[in-house]
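Worksheet: one structure, shown below.
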Amino acid sequence: MHSEDHGLQVSFQSLFGKGLAAWVGGPPQIGQEYDIEMTLDEAFCWGENIKPSANNIDLFYTVKGKTHLTAELISIDDDKCAAIRLNGLIILIELDSVPEEKPSHIDLTTTQIHLYPTRL
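Numbering that gives the first Met the number 0 puts the first residue of the sequence shown at 0, with every later residue one more than the last.
This is the structure:
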């Protein structure tokens with residue numbers, strides 16, 4: 000965990016992988032488990048940072064500061080907003096366009112992940 004101009008950057012892990020994110024809220028305790036809400040705060044462009052996935056297993060990992068996710072694509076609406084499911088966690092994302100055919104799973108690459116503790 001380290002602090003940068005755009006917030007507290009944390010490395011995190013779950014049952015389906017490890018990633019990097021900005022932590023929103025008071026500093027987390029190292030090694031503590033948290034219930035969180037996750038946001039992916041960038042527009043995703045088909046063929047660039049979002050693609051259909053050949054895998055149907057939720058996972059994420061980080062390479063060279065970018066987090067790669069594989070998740071189920073639940074829905075896409077007419078406003079180019081999509082809902083993905085990552086191991087039961089529902090995340091809304093913004094798309095640049097709607098694909099002709101909706102894949103069941105997608106691969107995403109992002110550097111704009113924010114974690115919000117839910118304090119349940």
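C-beta atoms are modelled at their ideal positions from N, C-alpha and C, and glycine is treated no differently.
Within the region 6–70, ranges of the beta strand (DSSP E) (whole runs, at least 3 residues): 6–13, 16–22, 35–39, 49–51, 58–62
Quick check on this structure: which residue in Thr117, Asp78, Ala53, Asp77 has the alpha carbon closest to the alpha carbon of Leu107? Of the candidates Thr117, Asp78, Ala53, Asp77, the residue whose Cα lies closest to the Cα of Leu107 is Ala53.
Does DSSP classify Glu93 as helix, strand or coil? strand
Just reading off the beta strand (DSSP E) that Pro116 is part of, what are its end residues? That run of the beta strand (DSSP E) goes 112–116.
Going by DSSP in three states, Asp106 sits in which element: helix, strand or coil? The answer is strand: DSSP assigns Asp106 an E or B state.
Buried/exposed call for Asp57, threshold 16 Cβ in 10 Å: buried
Please report how far the alpha carbon of Ile75 lies from the alpha carbon of Gln8, in whole angstroms. 30 Å
What does the Cβ neighbour count give for Thr117, buried or exposed, with the cut at 16 atoms within 10 Å? exposed
Would you report the Cα separation of Tyr115 and Ile35, rounded to the nearest angstrom? 5 Å
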